[in-house]
Amino acid sequence: MPGSLPKTTPQKPPASGEQKSGSKTLMWMFAGGIIIGVIVGWMWFGTQQSAVPTDSATAGDVSSSDSTLLGGASNNVDRDTATSAGAVISSEWLAVPSPQTAGLQVAISHVSVTRPTWVVVYESRGVQPGNALGASLFFDSTQNSGVVDLLRGTLPGQMYFVGESIDDGDRIFSLQNDKPVRDQSGNPLWVTFKTQ
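Those letters in the sequence shown? Residues 3 to 198, per the working numbering, in order.
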């Protein structure tokens, strides 16, 4: 028929529940993105610890006979000289209070690095370092202190080793890729401490 309008079927408007569901999904995605961003930022910038020792030990305690430098470094070593296996350092590179309370953190009272360096805590296997228990990344500074968070806690009455490994640039600790700091003879340098 001329002049008549074509027949249309009315479309239902979307149910209000469907609109709410879509906006809820968008809100959850936004909130999830914020949370992931905060976690990534914390992991990226939170690697350097600046806490104080958790027990009553202070930097003055590091000269006790329970905290020792192993490896035979002399005070006349150039800190910036590097070998393919690591850097050559002086005996004033790292200080760890001893004894320390056993637990999931190890206090570091002094660390001196010239580039990003991991401070690594090892369990003791006799008189040699064993498995790595934890590591914290320290950045360029002349003097810094902090803590190393451990994946497995220390036990009372035990000896532990602490050493440095130069970061290979990825800010992820690796026993294979982050080379230990060494003395002029090529031996890794260790500081030991005891727990109580």
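C-beta: ideal position from N, C-alpha, C; glycine also. Fair warning: this is a prediction, and the values are worked out from it, not measured in the lab.
Item                                                                                                                                    : Value
I'd like to know whether the C-beta atoms of Val-164 and Val-121 end up nearer to each other than 8 Å.                                  : yes
Considering only the beta carbon of each residue, do Asp-180 and Asp-170 sit closer than 8 Å?                                           : yes
Less than 8 Å between the C-beta atoms of Arg-173 and Leu-135, yes or no?                                                               : no
Can the beta-carbon of Pro-99 be found closer than 8 Å to that of Ser-114?                                                              : no
Go through its chain and collect everything with a Cβ distance to Leu-157's Cβ below 7 Å, but skip five positions before and after it.  : Ala-104 and Thr-197
Does the beta-carbon distance from Thr-119 to Met-161 come in below 8 Å?                                                                : no
Once you ignore the five residues that flank Asp-142 on each side, which residues in its own chain have a CB closer than 8 Å to its CB? : Val-115, Thr-116, Arg-117 and Pro-118
If you run the structure through DSSP and keep just helix, strand and coil, what is Leu-28?                                             : helix
Which full runs of the beta strand (DSSP E) of 3+ residues lie inside the segment 85-136, going along the chain?                        : 107-115 and 119-127
Please classify Ser-147: does DSSP put it in a helix, a strand, or coil?                                                                : strand
What would DSSP say about Gly-35, mapped onto helix, strand or coil?                                                                    : helix
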